[in-house]
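Below is one structure, written out as structure tokens, with a few remarks after it.
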Amino acid sequence: MEYIFYKKDIKQIWDLKGSLRNRLASTKSSSNLNQDGSIYPSAVLLDENYLQDIWRNQIYLLPHSKTLLSQAIINDSNFLANQGIMDYSLLAGISRGQEDEVIVGIVDYMRTFTLDKKVESLVKTALPMSNLPTVISPEQYRKRFYERIDGYFAIAPDQWTSG
């Protein structure tokens, strides 16, 4: 796969899975900070960081762009689920420029839902002390991935969406 940020001046990168379990990257490390205290762009942040960031600075997409992103995520996640693949992410970056640009791509270590993963999921689900299993089926992963990621990006109001 090509490098999706090639020749782009990226100000922030997030690795988004649509899960909040262990999805907060530390931003306290001095190696992640620029001299002015801002986060160095190569520090890849996770879902919880993203949700904290959009609380302060929401990322808006034009309605047509949101539709294209949603349809691409549906198509790609359906394809991956049909292949028995799970554990992928949406890599999202914001480029600097006159107009900020959102750049995304589905990436990550993609593993198949093999017999050992099925057994692990069943055992963890059956244990009374466990919440949700850490390993879920490709279909459950697809559903969670799409629903959460779709909610991460808001539609910018325009003449057709504002009342």
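Numbering (UniProt numbering), first residue to last: 1 to 163.
Just so it is clear, CB atoms sit at the ideal spot from N, CA and C, and this is done for glycine as well.
On a predicted model such as this, the values are computed, not experimentally measured, just so you know.
According to DSSP, is residue i helix, strand or coil?
i           : result
residue 11  : strand
residue 165 : Since the first residue of the chain shown is 1 and the last is 163, residue 165 is not available in this structure.
residue 105 : strand
residue 97  : coil
residue 26  : coil
residue 73  : helix
residue 88  : coil
residue 45  : strand
residue 155 : strand
residue 62  : coil
residue 16  : strand
residue 21  : coil
residue 136 : coil
Looking at residue i: is its Cβ nearer than 9 Å to the Cβ of residue j?
i          : j           : result
residue 77 : residue 88  : yes
residue 24 : residue 90  : no
residue 81 : residue 152 : no
residue 51 : residue 158 : no
residue 12 : residue 93  : yes
residue 60 : residue 156 : yes
residue 95 : residue 8   : yes
Compare the C-alpha of residue i against each of the options and name the closest.
i           : options         : result
residue 136 : 158, 93, 85     : 85
residue 146 : 106, 155, 159   : 106
residue 28  : 139, 43, 20, 92 : 43
residue 149 : 19, 138, 9      : 19
Is residue i near the ligand GDP, judged by its Cβ being under 8 Å from some heavy atom?
i           : result
residue 102 : In the structure shown, the ligand GDP is absent, as is every other ligand, since no ligand is present at all.
Exposed or buried, residue i, counting other C-beta atoms within 10 Å across all chains shown (16 or more means buried)?
i          : result
residue 74 : exposed
residue 55 : exposed
**Q.** Touching by the beta-carbon criterion (3+ pairs, under 8 Å), the segment 132-146 and the segment 45-53
**A.** no
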